[in-house]
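**Student:** In terms of my numbering, the sequence shown opens at residue 3 and continues consecutively.
For glycine and all other residues, C-beta sits at the position ideal for the given N, C-alpha and C.
Sharing a structure, written as structure tokens. Questions coming.
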Amino acid sequence: MVEMETAELETDLSLFKYDNLEQLPSQYRDLEETARTERIEAALAELGDDVIVLGHNYQRREIVEHADFIGDSYELSKRASNSDAEYVIFCGVTFMAESADIITDDDQTVILPSMEASCPMAGMAEALQVDAAWAEITEVVPESELIPITYMNSYADLKAFCADQGGLVCTSSNAHKAFEWAFERAEKVLFLPDKHLGENTAHRLGMEDAVATWDPWDPEGKDVEEVAEADVILWDGYCQVHERFNVEHIEQLREERPDANVVVHPECRREVVEAADVVGSTSTICDTIAEADPGETWAIGTEIHLANHLERWHPEVEVLPLCGDACMDCNAMRQIDPNYLAWVLEELVEGRERNVIEVAPAEKELAGVALDRMLEIYQ
Ligand code: 13P
Ligand code: SF4
Numbered sequence: 003m004v005e006m007e008t009a010e011l012e013t014d015l016s017l018f019k020y021d022n023l024e025q026l027p028s029q030y031r032d033l034e035e036t037a038r039t040e041r042i043e044a045a046l047a048e049l050g051d052d053v054i055v056l057g058h059n060y061q062r063r064e065i066v067e068h069a070d071f072i073g074d075s076y077e078l079s080k081r082a083s084n085s086d087a088e089y090v091i092f093c094g095v096t097f098m099a100e101s102a103d104i105i106t107d108d109d110q111t112v113i114l115p116s117m118e119a120s121c122p123m124a125g126m127a128e129a130l131q132v133d134a135a136w137a138e139i140t141e142v143v144p145e146s147e148l149i150p151i152t153y154m155n156s157y158a159d160l161k162a163f164c165a166d167q168g169g170l171v172c173t174s175s176n177a178h179k180a181f182e183w184a185f186e187r188a189e190k191v192l193f194l195p196d197k198h199l200g201e202n203t204a205h206r207l208g209m210e211d212a213v214a215t216w217d218p219w220d221p222e223g224k225d226v227e228e229v230a231e232a233d234v235i236l237w238d239g240y241c242q243v244h245e246r247f248n249v250e251h252i253e254q255l256r257e258e259r260p261d262a263n264v265v266v267h268p269e270c271r272r273e274v275v276e277a278a279d280v281v282g283s284t285s286t287i288c289d290t291i292a293e294a295d296p297g298e299t300w301a302i303g304t305e306i307h308l309a310n311h312l313e314r315w316h317p318e319v320e321v322l323p324l325c326g327d328a329c330m331d332c333n334a335m336r337q338i339d340p341n342y343l344a345w346v347l348e349e350l351v352e353g354r355e356r357n358v359i360e361v362a363p364a365e366k367e368l369a370g371v372a373l374d375r376m377l378e379i380y381q
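Now the structure itself:
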């Protein structure tokens, strides 16, 4: 058996993908909301068409109210690429800003207001670790029989790795299509980094009995030959915001409110997804509530800010967070503080670029291939 390399790599893994962290200047730390809103709007007016502000559905109210577009991770990247703005201010997390940088033109600059907005799940599968696991698995499975698929929630170097190994990227809305694409070309899939989305997708395709999990943090705890027997090998990553939901939340709701419907994100556990009425990306969740009849009740199984936005945007629908006060906000998304937004915009007015996300050219090209493969099969 090949020695596991991953354990000793742990110390090389970084919490923040970019090391050009800039602290917020002290004069921006305690801005009062009304004054800050006026300053942000004044900077945006000054910058005009040179700037587009994109806000992920999980951003707080004080951010999304300044956004030109609000949406899911995939939609926002598309918005960035369709825009002619010189500056894309991406209010989301690092992997989303990287994707925007990959698909925008070279003369467009992507700015992430705070570099600390790093999705922990994306950090659970660093390319370095995956490379080591790939070497170990392909000792027992021929490379030609295995295709890696990475979820959008991953860094550019992992997307590049997947392209290099004949694989692709998927989103929560098209993971099943990416699986089908891969199984037309190979026997097995290595799915990264979200084990729940991977398991939910395998289940949707009737492959629930052909799944095994690869835990990169436990070199002693797995037998590579056994794991490699599965058709779908799941990387042991997860989102803590979505793992919070469990099937008892849905059972309790159905008992107390038999009239209520449930919509959840596919990063939730399989039992939760199976018990829900609707499953989908954050855009699907938004569309579900937008299309609900007045008076309907919907419980939302995703990040709390989105549940709060939906309650505000659709007063005609009763919107409940699926696990009540226990629903979490995303710690990474929370790093995009509106004070940071005011700072990066006012700096741009002065001609200074702060917190630029720039994917290295070689990675950018290959990661672009992985994204293009997804776009070819997506509709
Ligand atoms: P969406 O792509 O559905 O917006 O989800 C992104 C995300 O981070 C979910 O946790
Ligand atoms: Fe990452 Fe989860 Fe936050 Fe989404 S909600 S950005 S998967 S930590």
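Going by the beta-carbon positions, is the gap between histidine 244 and cysteine 270 smaller than 8 Å?
**Tutor:** yes
**Student:** Ignoring anything shorter than 3 residues, give me the beta strand (DSSP E) runs that lie fully in the segment 76–157, in order along the chain.
**Tutor:** If we require 3 residues or more, the beta strand (DSSP E) runs fully inside the segment 76–157 come out as 89–93, 111–113, 148–153.
**Student:** From Arg314, Ala230, Asn357, pick the residue whose C-alpha is nearest to that of tyrosine 20; which is it?
**Tutor:** Asn357
**Student:** If you check the beta carbons only, do phenylalanine 92 and leucine 56 fall under 8 Å apart?
**Tutor:** yes
**Student:** Grouping DSSP H, G and I as helix and E and B as strand, with all else coil, what is threonine 215?
**Tutor:** strand
**Student:** According to DSSP, what are the bridge partners of valine 281?
**Tutor:** Val266
**Student:** Whole-angstrom Cβ separation of alanine 102 and valine 112, contact assumed at under 8 Å?
**Tutor:** 5 Å
**Student:** Check whether the segment 139–157 and the segment 111–131 are in contact - that is, three or more C-beta pairs closer than 8 Å.
**Tutor:** yes
**Student:** Reducing DSSP to helix, strand and coil, say where threonine 173 ends up.
**Tutor:** Secondary structure of threonine 173 (DSSP, three-state): coil.
**Student:** Looking at the unbroken alpha helix (DSSP H) that takes in threonine 304, where does it start and where does it end?
**Tutor:** Neither: threonine 304 is in no alpha helix (DSSP H) and is coded neither H nor E.
**Student:** Which residues bound the alpha helix (DSSP H) around glutamate 258?
**Tutor:** 249–258
**Student:** Would you say threonine 304 and isoleucine 287 are within 8 Å of each other, going by their C-beta atoms?
**Tutor:** yes
**Student:** Hey, proline 195 and tryptophan 237: beta-carbon distance below 8 Å or not?
**Tutor:** Contact flag set, yes.
**Student:** For threonine 290, collect the residues of the same chain with a Cβ closer than 6 Å to its Cβ; drop the 5 residues on either side in sequence, then sort them by chain order.
**Tutor:** Val265, Val280
**Student:** Anyone know if the C-beta pair for alanine 99 and glutamate 348 falls short of 8 Å?
**Tutor:** The criterion of a C-beta distance shorter than 8 Å is not satisfied by alanine 99 and glutamate 348.
**Student:** With 16 as the cutoff for other CB atoms within 10 Å, does asparagine 84 come out buried or exposed?
**Tutor:** Counting the other CB atoms within 10 Å of its CB gives asparagine 84 a total below 16, which places it among the exposed residues.
**Student:** Under the three-state reduction of DSSP, which class applies to aspartate 196: helix, strand or coil?
**Tutor:** strand
**Student:** Beta carbon of serine 79, beta carbon of serine 175: below 8 Å?
**Tutor:** Not closer than 8 Å, so no.
**Student:** Skipping 5 residues on each side, what residues in its chain have a beta carbon closer than 6 Å to that of glutamine 337?
**Tutor:** Ser116, Glu118, Ala119
**Student:** Here's a check: name, in chain order, each residue in its chain whose Cβ is nearer than 8 Å to the Cβ of glutamate 24, leaving out the five neighbours to either side.
**Tutor:** The answer, listed in chain order, is Met117, Arg356, Asn357.
**Student:** Let's test the definition: count the other Cβ atoms within 10 Å of the Cβ of arginine 81 and tell me whether it reaches 16, buried, or not, exposed.
**Tutor:** buried
**Student:** Just the Cα atoms here: how many angstroms apart are aspartate 327 and isoleucine 359?
**Tutor:** 35 Å
**Student:** With DSSP as the reference, please indicate the residues paired to valine 371 in a beta bridge.
**Tutor:** Answer is none; valine 371 lacks a bridge partner.
**Student:** Only counting the same chain, and skipping five residues up and downstream in sequence, which positions put a Cβ closer than 6 Å to that of glycine 185?
**Tutor:** Reading off the sequence, residue 185 comes out as phenylalanine, not glycine. Here the set comprises nothing.
**Student:** Which value, in whole angstroms, describes the spacing of the CA atoms of alanine 364 and alanine 162?
**Tutor:** 9 Å
**Student:** Under the assumption that leucine 199 contacts proline 268 (Cβ atoms under 8 Å), give the Cβ distance between them as a whole number of angstroms.
**Tutor:** Taking C-beta atoms under 8 Å as the contact rule, leucine 199 and proline 268 qualify, at a distance of about 5 Å.
**Student:** Spell out the partners DSSP gives glycine 239 in its beta bridges.
**Tutor:** DSSP output for glycine 239 lists Asp196 as bridge partner(s).
**Student:** With 16 as the cutoff for other CB atoms within 10 Å, does glutamine 61 come out buried or exposed?
**Tutor:** buried
**Student:** Which residues does DSSP pair with valine 191 in a beta bridge?
**Tutor:** Ile149, Val234
**Student:** Taking only the alpha-carbon atoms, compute the straight-line gap between glycine 223 and alanine 230 and give it to the nearest angstrom.
**Tutor:** 14 Å
**Student:** Within the present structure, is the beta-carbon of valine 243 separated from the nearest heavy atom of the ligand SF4 by less than 7 Å?
**Tutor:** yes
**Student:** Can you tell me the Cα-Cα spacing of threonine 8 and glycine 125, whole angstroms?
**Tutor:** For threonine 8, the predicted model reports a pLDDT of 32, less than 50, meaning its position is unreliable; a value from the coordinates is still stated below. So the two alpha carbons sit approximately 14 Å from each other.
**Student:** Let me check understanding here. Comparing Cα to Cα, which of Glu88, Arg31, His205 lies closest to isoleucine 54?
**Tutor:** Glu88
**Student:** Glycine 326 by DSSP, collapsed to three states: which one?
**Tutor:** helix
**Student:** Cutting at 6 Å between CB atoms, please list the residues of its own chain near proline 150, excluding the five before and the five after it.
**Tutor:** Cys164, Gln167, Gly169, Leu192
**Student:** Quick one: is the Cβ of cysteine 172 within less than 7 Å of any heavy atom of the ligand SF4?
**Tutor:** no
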